[in-house]
Every structure is written in structure tokens, then in C-alpha cells.
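Participant: First the structure, then my questions, so here it is.
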Amino acid sequence: MILITGANGQLGTDFQKILDREKEDYIATDVDDLDITDKDKIANFMKDRNIDIIINCAAYNNVDKAETDSDLCYKLNRDAPLYLAEAAQKTGAVFVTYSTDFVFDGSKGEPYKETDIPNPLSVYGKSKMEGEKGVLQCYNSSFIIRTSWVFGKANKNFNTQVIEWSKMNKELKIVDDQLSSPTYSYDLAIFSWMLINTGTFGLYHMSNGSEASKYDQAKYILEKIGWNGKLGRAKSSDFNLPAERPKYSKLDSEKLEKTVGKQIPDWKNAVDRYVEELNI
Ligand SMILES: NC(=O)c1ccc[n+]([C@@H]2O[C@H](COP(=O)([O-])OP(=O)(O)OC[C@H]3O[C@@H](n4cnc5c(N)ncnc54)[C@H](OP(=O)(O)O)[C@@H]3O)[C@@H](O)[C@H]2O)c1
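If you want the working numbering, it's the 1-based position in the sequence shown plus 55.
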């Protein structure tokens with residue numbers, strides 16, 4: 056039996072689709088059924104349920120709010136993965152959890168490998184880095200998968216934000232000095248599932264292929280939906296956001312691709328499928 060936490064989010068929802076297709080038995084939980092910040096609840100939940108894989112899709116993802124809401128951010132991103140890893144260890148279940156490209160400071164200037172040293176710039180990035188460390192130290196039978204700029208049908212994301220802005224504005228300005236790769240939660244779920252089935256535990260990077268700035272991503276999605284407004288370029292310094300973001304945080308997914316023997320699709324291909332899924 057597979058346990059999914061944070062199952063109503065982007066990744067959790069797509070994992071359910073894949074597990075349905077694979078005819079795998081799973082229990083999908085979100086905060087109302089299983090609050091992963093509650094260690095005792097996790098232990099009770101695991102009792103008598105025969106869980107052999109825990110896939111943790113829950114997280115605190117509001118990067119700006121985290122700067123002033125750090126307690127909850129650390130509870131969800133640092134403490135909860137450790138509680139889940141400990142619970143998995145007790146029953147011998149495989150543990151899968153997710154982290155972010157924001158563990159890096161963006162100064163490398165080329166795609167980040169798993170061997171690169173993290174140096175997060177934000178509370179969110181630090182909370183995720185500490186979550187990774189806790190899990191890696193606690194339990195060997197774990198997968199930690201770093202990903203970037205996730206978009207999927209089940210939740211708000213940069214694509215939905217751009218679409219909303221485009222409905223209300225004839226002119227938009229989007230930053231062109233943050234580069235990484237948009238990643239489709241459906242592809243993240245599929246490649247995670249392939250990886251889990253290899254049994255080769257450890258730390259992996261997974262993002263859709265090629266890199267993009269926020270401006271590139273917005274341009275592509277706006278062209279796809281046929282917006283006829285004016286798109287301009289901006290710099291991060293034009294917006295006084297609370298959290299600092301890395302300027303360049305593209306993840307190198309080569310280790311994962313070699314492990315599963317398959318190339319991850321390009322981000323534009325992923326956006327094409329996402330727009331089809333949204334039916335807009
Ligand atoms: N989104 C991104 O751009 C991005 C980038 C890099 C890495 N990641 C990582 O990728 C993974 C999947 O992200 P995602 O975008 O699918 O996340 P998401 O859409 O925000 O989903 C997270 C889910 O977790 C739930 N949750 C919140 N607090 C919880 C708690 N205490 N107990 C149990 N569930 C709780 C949320 O419920 P509510 O909605 O009610 O809060 C939501 O349904 C996460 O680890 C995330 O940090 C995401």
C-alpha cells in the first residue's frame with residue numbers, strides 16, 4: 056500500500072493519476088486526513104496499514120510568505136519529512152520526498168548537479184535544505200528529488216498567474232533575470248515513479264528539459280493562449296519581493312535520466328500538454 060501526503064496539490068494529484076493507471080493500491084491524504092507536522096498522528100496513521108511506500112507531496116511553498124511565517128515553513132519543510140522518514144524506517148517502507156532548486160544561490164552559471172553545495176538565499180530554500188539533510192541522515196531507503204518551478208492542473212502556479220494577469224492587463228512586464236526550468240507535475244510524477252521502481256535510493260534532480268527565464272515561460276504560455284497584449288522585460292530588482300531568488304538555478308537531471316534510462320521532455324512540450332489538459 057502506498058501513502059500519498061499532500062495529495063490534493065499539483066504533484067499529489069498527478070501521482071494519483073499514475074497510480075490509478077498502474078493499478079497500484081494507495082491512500083491519498085491531505086492536511087485534513089493527515090497533518091504531516093503532527094508526529095504522533097503520523098505514527099498512528101501508519102499502524103496496521105501495511106504502508107510500503109510513503110510519497111510526501113506536501114510542503115510549504117509560499118516563498119515570499121515564508122520570510123515572515125518561518126515557523127510553519129520549517130515545520131512542514133524541515134521537520135515533517137523527518138517524521139515521515141522515521142515512520143518509514145520503523146516499518147521498512149520506502150520514503151520519497153521533494154526539494155527545490157532554491158537550495159542553490161544561483162552563482163554557478165551552469166546546471167546544478169546533485170554534488171553541488173547548496174547555499175540557499177531564502178527561508179524557504181533553507182527549510183528545504185535542512186529537510187533534505189534530516190532525511191538523508193535518518194534513513195537510507197529514501198529518495199529526495201529536487202525540482203523547479205512546478206506547474207500542474209491542481210493548484211495555482213506561475214502559468215495560471217500569467218493567464219490571470221493577461222485577462223486583466225493589456226501590458227505585462229515579467230522578469231528575465233531568473234532562469235531555471237518550468238516542470239510539469241505530471242512529468243515529475245511519472246519520472247519519480249520510474250525512479251522509485253529502480254530502487255536506487257538517494258538525491259536526484261528532476262526538471263523538464265532546456266532552460267527558461269520567467270519572461271520566456273510567460274511569453275510561451277501567452278502565445279499559446281493567443282493573448283494580443285504587449286509583453287515587456289523586467290528585472291527582479293523592479294519588484295520588491297520579500298524573498299531573494301537565485302538568478303540561475305537550472306537543475307541537471309542527467310543522474311535521474313541515466314538511472315531510469317529515459318530522457319525527460321522539454322519544458323515547452325510539457326507546457327503544450329498542460330494547456331491541452333486545461334482545455335483553454
Ligand atoms: N510549486 C513549485 O513551484 C515547486 C518548486 C520546487 C519544488 N517544489 C516541491 O515539489 C513538491 C510538490 O509541490 P506542489 O507544487 O505539488 O505543492 P502544492 O500544490 O502546494 O501541494 C502541497 C499540498 O500539501 C498540502 N499541505 C499543506 N500543509 C499540509 C500539512 N500540514 N499536512 C499535509 N498536507 C499539507 C497542501 O494543502 P493546502 O493547499 O491546503 O495548503 C497541498 O494540497 C513539494 O515538495 C514542493 O516543495 C515545488
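Yeah, the Cβ is synthetic: ideal placement off N, Cα and C, and Gly gets one too.
Give the DSSP-derived three-state secondary structure of Gly189 in the structure shown.
Facilitator: If DSSP states are grouped into helix, strand and coil, Gly189 belongs with the helices.
Participant: Given 7 Å as the limit, tell me if Asn212 has its C-beta closer than that to any heavy atom belonging to ligand 1.
Facilitator: Flag set: Cβ of Asn212 near ligand 1.
Participant: At a cut-off of 7 Å, is Gly67 close to ligand 1 when judged by its beta-carbon and the heavy atoms of the ligand?
Facilitator: Yes, Cβ of Gly67 sits closer than 7 Å to a heavy atom of ligand 1.
Participant: Within 7 Å: the Cβ of Ala113 and any heavy atom of ligand 1?
Facilitator: Flag set: Cβ of Ala113 near ligand 1.
Participant: Roughly how many angstroms separate the alpha carbons of Phe294 and Leu227, rounded to a whole number?
Facilitator: So the two alpha carbons sit approximately 13 Å from each other.
Participant: Answer yes if the stretch 188-197 comes into contact with the stretch 313-330, meaning at least three C-beta pairs across the two stretches below 8 Å, and no otherwise.
Facilitator: Taking 8 Å as the limit for Cβ pairs, the verdict is that the stretch 188-197 does not touch the stretch 313-330.
Participant: Should Asn283 be labelled buried (16 or more other beta-carbon atoms within 10 Å of its own) or exposed?
Facilitator: By the neighbour-count rule (16 or more Cβ atoms within 10 Å), Asn283 is not buried but exposed.
Participant: For Lys183, does the three-state DSSP call read helix, strand or coil?
Facilitator: Lys183 falls in the helix class under three-state DSSP.
Participant: CA-CA distance, Met101 and Leu277?
Facilitator: In a straight line, the C-alpha of Met101 is about 45 Å away from that of Leu277.
Participant: Helix, strand or coil, according to DSSP, for Leu311 in the structure here?
Facilitator: Reduced to three states, the DSSP call for Leu311 is helix.
Participant: As an exercise, report each continuous beta strand (DSSP E) stretch of at least 3 residues that is fully enclosed by the stretch 117-203, in chain order.
Facilitator: Whole beta strand (DSSP E) segments, 3+ residues: 149-155 and 197-202.
Participant: Identify whether Gly342 lies in helix, strand or coil by the three-state DSSP scheme.
Facilitator: Nothing about residue 342 can be read from this structure; the chain reaches only from 56 to 335.
Participant: With Leu58 as the anchor, note down where its beta strand (DSSP E) starts and where it stops.
Facilitator: From DSSP, the beta strand (DSSP E) with Leu58 extends over Ile57 to Thr60.
Participant: Taking 8 Å as the CB-CB cut-off, is Val217 touching chain B?
Facilitator: In summary, chain B is missing from the structure at hand, where a single protein chain is found.
Participant: Between Gly161 and ligand 1, is the CB less than 7 Å from at least one heavy atom?
Facilitator: Answer for Gly161: no, Cβ out of range of ligand 1.
Participant: Give a yes or no on whether the C-beta atoms belonging to Met261 and Ser308 are separated by under 8 Å.
Facilitator: In contact: Met261 and Ser308 (Cβ atoms closer than 8 Å).
Participant: Could you check the C-alpha separation between Glu169 and Lys72 for me, to the nearest Å?
Facilitator: So the two alpha carbons sit approximately 28 Å from each other.
Participant: Thinking Leu243 and Val190 are a contact (beta carbons under 8 Å), I'd like their distance in whole angstroms, please.
Facilitator: Not a contact, Cβ separation roughly 18 Å.
Participant: How would you call Met223, buried or exposed, if buried means at least 16 neighbouring beta carbons within 10 angstroms?
Facilitator: That one is exposed.
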